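Trainee:
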Amino acid sequence: MPTDRLRDPFREQLLEQRVVTLTGPLDDTACAEAAAELLHLDRADPGRELSLYLNSSGGALTPLLGLVDVVRSLACPVQTVCLGHAERTAAVLLAVGTPGRRVVMPQARLLLAHPSPETEPDGHPLAAEELMHHADSWERRLRAVEALLAEVTGTSVERVRHDLEHGLAMGAEQAVGYGLADTIGRRPPNG
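Okay, structure coming up:
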C-alpha cells in the first residue's frame, strides 16, 4: 500500500474503525489502494462488517471491475455509503455492497451512465487504433456491468442498458427505488 495514505492520521483512524474512503476519480491508484485496505481489514477480522464510503464522479471501467471483484470476494459484510455523489462507476460500486447495507445519504446524487473511456496510464485517451483493438473487450466489460447491475438491483438488463446509454440522474429516494441502495441514511454512518 502506498505510504502517503497510511501516514494520514485521519485515514488511520478511519481504518481502525473499519472505514475505507473513495473520493475523487476512481483510477488505477485509488482502486488499488482501496482494494488493499479492504483486503487487509477483511483478513484482520473476517466476520466483522466494514464500510466503504463513496464520494466520486466515477472513473475507468477496468479498475472498477477489479475493485468490484474484491468487494464481492470478502468474507465480511460490506456496507457501502454514498456521501455526496456516486456517478458512473461509483454508482456501480455502491450497488455491489452487501444487500441491506447499501446506504445513500439524503442529499446524495447518483448518475447511472456509461463509464469514462479507458485511458493510458498517464491519463491521456487511448489512440484510435488502440481503441479499435480494445473495442471487443470494452463491449464485453460493458455487458458485464449491465448484467451485474441487473443482478444487484433486480432490474432487467434491457432497462439497465437503456439507463446507462442515456444517463439517469437520481436522488436518494430514486436510488433506493431503483435498487442501487437499500436505505437513506439519516445521520452519519457508524456515528
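For the sequence shown, the positions run 71 to 261 when the numbering used here is used. For each residue, glycine too, the CB sits at the ideal point set by N, CA and C. Given the structure is predicted, the values throughout are model-derived calculations rather than measurements.
(1) In its own chain, which residues sit with a C-beta less than 7 Å from the C-beta of residue 91, not counting the 5 before and 5 after it?
(2) So residue 149 is in the beta strand (DSSP E); what residue range does that whole segment cover?
(3) Taking the alpha-carbon positions, what's the residue 138 to residue 178 distance?
(4) Please work out which residues of its chain come closer than 8 Å, Cβ to Cβ, to residue 117, disregarding the five sequence neighbours upstream and downstream, and give them in chain order.
(5) From residue 133 to residue 252, what distance separates their C-alpha atoms?
(6) Taking 8 Å as the cut-off, decide whether the C-beta atoms of residue 121 and residue 140 are in contact.
(7) Use the C-beta contact count for residue 247: other C-beta atoms within 10 angstroms, 16 or more gives buried, fewer gives exposed.
(8) Looking at C-alpha atoms only, which residue of 239, 135 and 164 is the closest neighbour of residue 214?
(9) Which complete alpha helix (DSSP H) runs does the stretch 93-124 hold, if anything under 4 residues is left out?
(10) At which residues does the beta strand (DSSP E) containing residue 166 begin and terminate?
(11) Is it buried or exposed for residue 185, if we count other Cβ within 10 angstroms and need 16 for buried?
(12) Over the uninterrupted beta strand (DSSP E) stretch that includes residue 179, give me the two end residues.
(13) In the DSSP assignment, what are the bridge partners of residue 175?
(14) If you draw a straight line from the C-alpha of residue 95 to the C-alpha of residue 82, how long is it?
(15) Compare the beta carbon distance of residue 157 and residue 181 with 8 Å and say whether it is the shorter of the two.
Mentor: According to the data block:
(1) 84 and 123
(2) 148-157
(3) 21 Å
(4) 145 and 146
(5) 25 Å
(6) no
(7) exposed
(8) 135
(9) 98-114
(10) No beta strand (DSSP E) contains residue 166, which DSSP labels as neither H nor E.
(11) buried
(12) 179-182
(13) Bridge partners of residue 175: none, in fact.
(14) 21 Å
(15) yes
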